[in-house]
Amino acid sequence: MKLGVVSDTHDNLDYVEAAVSHFESEGVDAVVHCGDIVAPFSAAPFDAAFDFHAVRGNNDGEWALREAVESFGTYHDDFAHLTLDGQEIAVYHGTEAGLVDALVDSGTYDFVLRGHTHERVVEHRGKTTHINPGGLPIPGADDEFHVAVVDLDTGNVASRSL
Numbered sequence: 047m048k049l050g051v052v053s054d055t056h057d058n059l060d061y062v063e064a065a066v067s068h069f070e071s072e073g074v075d076a077v078v079h080c081g082d083i084v085a086p087f088s089a090a091p092f093d094a095a096f097d098f099h100a101v102r103g104n105n106d107g108e109w110a111l112r113e114a115v116e117s118f119g120t121y122h123d124d125f126a127h128l129t130l131d132g133q134e135i136a137v138y139h140g141t142e143a144g145l146v147d148a149l150v151d152s153g154t155y156d157f158v159l160r161g162h163t164h165e166r167v168v169e170h171r172g173k174t175t176h177i178n179p180g181g182l183p184i185p186g187a188d189d190e191f192h193v194a195v196v197d198l199d200t201g202n203v204a205s206r207s208l
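Under our numbering, residue 208 is the last one in the sequence shown; the count climbs by one each step, no gaps.
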């Protein structure tokens, strides 16, 4: 099973559409958005040929976002614990770094997916892989927008700039 991971799109439809196109071309089965979609209109392109899961970011103040996402996917509020293809996956926007570390260090999850910092991370700690796909380019973080595709069968994580 292939899982697409995206975060911090901040209403940039060009990046959202590029991410959806990439995920479709990779044949992902599901996509997880790690927060900061922001407004409902920028969630709509994720209504595509894959399952969609989203958590709230620290800029997702539009309460209508839940309704928009749930018209085609699953909105998990601040945290999601998913079991996909036998893998235990935690999804949290990542606003509190200590909570991210606790999730990674707990040994409960095969993958911890987060966003918030706009910086790509693929880190292996014990049995857990910590992934931040990156996000909208901002000063002090990555210079390009990135997404990740995780092969849940092999554990391979492929990052791609769009």
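Where is the CB? At the ideal position from N, CA and C, for every residue including glycine. None of the values given here were measured: they were computed from a predicted structure.
Test item: CB-CB of Val137 and Ala126 under 7 Å: yes
Per DSSP, which one or two residues make a beta bridge with Lys48? Asp197
Excluding the 5 residues flanking Thr129 on each side, which residues of the same chain have their C-beta closer than 8 Å to its C-beta? Ile135
Nearest to Pro183 (by Cα), restricted to the options Thr175, Thr174, Val193 and Ile177: Val193
With which residues is His178 paired in a DSSP beta bridge? Going by the sequence as given, residue 178 is Asn instead of His. The partner list for Asn178 (beta bridge, DSSP) reads Val167.
If I follow the unbroken beta strand (DSSP E) through Phe157, where does it start and stop? Phe157 to Leu159
Rounded to the nearest angstrom, how far is the Cβ of Asn104 from that of Asp82, given a contact under 8 Å? 7 Å
For His19, count the other beta carbons within 10 Å of its own beta carbon; 16 or more makes it buried, fewer makes it exposed. Which is it? As shown, the chain starts at 47 and ends at 208. That puts residue 19 outside it, with no answer to give.
Which stretch, first to last residue, makes up the beta strand (DSSP E) that contains Leu111? Note, Leu111: premise wrong, no beta strand (DSSP E); alpha helix (DSSP H) at Ala110 to Glu116.
Should the region 174 to 188 be called in touch with the region 148 to 165, which here means at least 3 C-beta pairs below 8 Å? yes
Less than 7 Å separating the beta-carbons of Ala110 and Pro86? yes
Return the chain-ordered list of same chain residues with a C-beta closer than 7 Å to the C-beta of His68, the five sequence neighbours on each side being excluded. Val193, Arg206 and Leu208
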